[in-house]
Structures are given as structure tokens and as C-alpha cells.
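Asks: In the working numbering, the protein residues as written are 33 to 126.
C-beta atoms are modelled at their ideal positions from N, C-alpha and C, and glycine is treated no differently.
Since the structure is predicted, the reported quantities are computational estimates derived from the model, not experimental observations.
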């Protein structure tokens, strides 16, 4: 049986003594197996949150542009819409 090695990479950083103690305390309180597990999980969750938030902003901006373009340059009504207007006007007695 052949073992497949997943692509992993290393990330090194320098922390102050206070930062390391704070992170270790949080890892213990949070029930993490190690400081590394805590850091990786926390950073990964924050990264996903930032990306999701930014993508929502981009989509919202795109939606606004489409909406305002439709208001500024509305398409001409098609036959079904004109027929619905006539039916509606008859119902109101106009």
C-alpha cells in the first residue's frame, strides 16, 4: 500500500513572551491539543471570515450596480407585461 503525502508547508513566526503565554493559556482553556492547533484553527477561521465578508461586499456592490443600471436604463416592456397592465387597468376600471 502506497502512502500519499499531503502537501504541507511550514510557517514560522516570532512572538513576545507575553503573546506566547496568552496564546498558550487560550489554547488550554479552549481545549486545544497544542498551541499549534489553536493558532492554525483560529487563523483559519479568521481568514475564512475575512474572505466571506469581503466577497459579500463585492457582490453587494455588483448587485447595486446592476440595480441602478436597471433603474437608469429600464428595458422596454414585453408583450406579457403590456397585457398584464391592460388586465390590471380593466380590473381597476381605468
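#1: Would the beta-carbon of residue 43 fall within 7 Å of that of residue 59?
#2: CA-CA distance, residue 91 and residue 121?
#3: Throw me the rounded Cβ distance for the residue 55 and residue 67 pair, which I believe falls under 8 Å.
#4: Apart from the five residues just before and just after residue 65, which ones in its own chain have a Cβ nearer than 7 Å to its Cβ?
#5: In angstroms, rounded to a whole number, what distance separates the CA positions of residue 126 and residue 96?
Replies: So, from the listed chains and residues:
#1: no
#2: 37 Å
#3: 6 Å
#4: none
#5: 35 Å
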